[in-house]
Amino acid sequence: MPAALLLAVLTGCGGGPAESAAPAPRVTSPKELCERLISHWARVVLHGGKQANLDYQAMGLSGGQNQILLDVVAAARTEQKRLGADAAGKLIDSQATVRCTERYRSGTPTGGPWQ
Numbered sequence: 292m293p294a295a296l297l298l299a300v301l302t303g304c305g306g307g308p309a310e311s312a313a314p315a316p317r318v319t320s321p322k323e324l325c326e327r328l329i330s331h332w333a334r335v336v337l338h339g340g341k342q343a344n345l346d347y348q349a350m351g352l353s354g355g356q357n358q359i360l361l362d363v364v365a366a367a368r369t370e371q372k373r374l375g376a377d378a379a380g381k382l383i384d385s386q387a388t389v390r391c392t393e394r395y396r397s398g399t400p401t402g403g404p405w406q
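Following this line, the structure appears as structure tokens:
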């Protein structure tokens, strides 16, 4: 019996170094999430896609984010008429960054996350 125990211990303890664990996933900040949501949905609404008429809650937006979306889409429509689709896309990205940075300047919006 001691030989079997010794064999089990020796085979269980052998082997190379343990595999390293996968790195922890990167956390997306509220500002970055806002930018991505606004940029995505502004393009969908501007291009009149199948999902363009979704309710803001179905889009995963808060009331405050919805207001940003409405403002960005209005500005992008004007820009698209004046300078074309590429200019409208650039405006969407820049306005999403500016407005979401302003909204999340202290980490979370005032009045709660759904404001």
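All residue numbers for the sequence shown refer to the numbering used here, where the first residue is 292 and numbers rise by one. The C-beta atom is built at its ideal place from N, Cα and C for all residues, glycine as well. All values derive from a computational prediction rather than experimental measurement.
Measuring only the C-alpha atoms, how far is residue i from residue j?
i       : j       : result
Arg-373 : Gln-386 : 17 Å
Trp-332 : Cys-391 : 14 Å
Ala-313 : Glu-370 : 44 Å
Gly-398 : Gln-342 : 30 Å
Gly-340 : Arg-396 : 31 Å
Glu-323 : Ala-365 : 21 Å
Glu-326 : Met-350 : 13 Å
Thr-388 : Ile-359 : 11 Å
The alpha helix (DSSP H) that contains residue i, what's its start and end?
i       : result
Ala-387 : 376-394
Tell me which residues share the same chain as residue i and place their Cβ nearer than 7 Å to its Cβ, disregarding the 5 neighbours each side in the sequence.
i       : result
Ile-383 : Ser-330, Ala-333, Arg-334, Val-363, Ala-367
Taking DSSP as the reference, what is the three-state secondary structure of residue i?
i       : result
Ser-311 : coil
Asp-362 : helix
Gly-340 : coil
Leu-352 : coil
Pro-321 : helix
Thr-399 : coil
Leu-345 : coil
Compute the beta-carbon to beta-carbon distance between residue i and residue j, rounded to the nearest angstrom, for a pair I have assumed lies under 8 Å.
i       : j       : result
Arg-394 : Gly-355 : 6 Å
Leu-361 : Leu-328 : With a Cβ gap of about 13 Å, Leu-361 and Leu-328 do not count as contacting.
Ala-379 : Leu-337 : 6 Å
Excluding the 5 residues flanking residue i on each side, which residues of the same chain have their C-beta closer than 6 Å to its C-beta?
i       : result
Tyr-347 : Asn-357
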